[in-house]
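To keep things clear, I will list the structure first and then write my remarks on it.
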Amino acid sequence: MPEIGTNFSDVILSGGTGRSGTTIIGKLLSRHSQIGLSRPSEIKMLTSGNGLLDLHLGRKVGRYRKLMVNDRLHLERFRQRLFHDWWEREPKVGELAGLIQGIEHEELEDLYISLKRDWKQEKSTAPGKFLRAFIDSQKLRSGKLFWIDTTPVNLFRALDLADFLPGAHFIHMVRDGRDVIASVIREPWGPSTYEDGLDWYRNRMTRILTNTALLKDRVLTISLEELALNNRDETLTRVLAFLNLPREPKLQLYFDSEVSPEKVRQGRWKNEVADMAKFNESYFRIVAELREIDPSVPLASS
């Protein structure tokens, strides 16, 4: 059983470039009797601008940053985002999205009141106490020992998160960058062309691999292709060994039916890239650069 308190050894954070399998691993692991999926599955208040991590770091960002002339106004900006931007978001498919999925409004208000009180006493630790109480509330509902969040940015900001959340485990989900780009160019937050997507992928992977090189045994890096296609059983074994958890029938059943080869979309870019030879050349040049940072990164080199 993980040690709780100011320690976060019961927390698992999956992440990656985005569209790389972070939600897939979260949903899979939540089928284990000891792991509960955060609600929502991406807790935006942790890593988004002026969220808990930024409060902890004293980092003011966004269009209102010049107005946050002191710490009190920084906390007030967090409150605004907490009860507006993060409380309820536009759903992708007809159901409620946001913090409203996993906590009562009154309880969240109580947590904020405690944060405000703690903020006056010790600004650097108050955000961590808030998150600890939030996670404990969700674990009380789920009855699970571990809690997993699947926000892709978790790995982009992993070094700061590792300091903020002592003991937390990280799972870096890697996916063939060409398939990632084919997916993100369809998202409003992603690059709009395959050419821009290459730069986007390089920048994000470079930052993430630089982080994971320093996290050492606190991070496990696997590829979506290994998990779902090429090396399924061994990869699942590695994931469970990393978390020191046994296999269970319910998790195995979900793995066999939902994390299957036919569920992973591959190769869409082949029908959409104008000059495939040039695109592949540029992509594999990026892979070579990434291997200089981490020779073990699970990406095909040709």
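Under our numbering, residues 2 to 303 are what the sequence shown spells out, in order.
Just so you know, even glycine gets a beta-carbon here, dropped at the ideal spot from N, CA and C.
All figures in this text were calculated on a predicted structure; none of them were measured in a lab.
With a threshold of 16 other beta carbon atoms within 10 Å, Ser193 falls short and is exposed. For Ser302, the closest of Arg286, Asp295, Ile294 by C-alpha to C-alpha distance is Arg286.
When DSSP states are grouped into helix, strand and coil, Arg78 belongs to the helix group. For Val70, the number of other beta carbons within 10 angstroms of its own is below 16, and it is reported as exposed.
DSSP lists no bridge partner for Leu216.
Out of Asn232, Pro189, Ile172, Phe280, the CA that lies nearest to the CA of Gly27 is found in Ile172.
Under DSSP, His173 takes part in a beta bridge, and its partners are Gly16, Thr222. Leu300 carries a coil assignment under DSSP once its states are collapsed to helix, strand and coil.
Looking from the CA of Glu77, the closest CA among Leu112, Lys117, Leu47, Leu58 belongs to Lys117.
Residues Ala159, Leu160, Ala163, Phe171 of the same chain have their beta carbon placed closer than 8 Å to that of Leu216, with the five preceding and five following residues left out of the count.
Nearest in C-alpha terms to Arg269, of all of Ile186, Leu156, Leu29, is Ile186. Taking one beta carbon from each stretch, the segment 35-45 and the segment 227-240 have fewer than 3 pairs nearer than 8 Å; the two do not touch. Each residue's CA atom was taken as its position, placing Leu141 and Leu14 some 19 Å apart. Contact between Glu227 and Pro299 is confirmed by a C-beta separation of about 6 Å, below the 8 Å threshold.
A Cβ-Cβ contact shorter than 7 Å links Thr18 with Val181. Annotation: the continuous alpha helix (DSSP H) that includes Ile182 extends over 178-185. Secondary structure at Gly144: coil, using DSSP grouped into helix, strand and coil. Around the Cβ of His33, a 10 Å sphere holds 16 or more other Cβ atoms; the residue is buried. A straight-line Cα-Cα distance of about 12 Å links Ile101 and Glu91. Pairing Arg179 with Tyr113 gives a Cβ-Cβ distance that is not under 7 Å. The beta carbon of Glu290 sits closer than 8 Å to the beta carbons of Arg203, Thr207 from its chain, once the five residues preceding and following it are set aside; these are given in chain order. Secondary structure of Ala275 (DSSP, three-state): coil.
Contact between Lys124 and Asp55 does not hold, since their C-beta atoms are separated by about 12 Å, which reaches or exceeds 8 Å. Its chain contains Gly19, Arg20 as the residues whose beta carbon lies nearer than 8 Å to that of Glu188, once the 5 sequence neighbours on both sides are disregarded; these appear in chain order.
Residue environment: Ser31 is assigned as buried (16 or more neighbouring CB atoms within 10 Å of its CB, all protein chains considered). DSSP places Arg248 outside both helix and strand once states are collapsed to three, so it counts as coil. Bridge pairing for Arg90: Ala98 [DSSP]. For Gly27, the enclosing alpha helix (DSSP H) has its first and last residue at 23-30.
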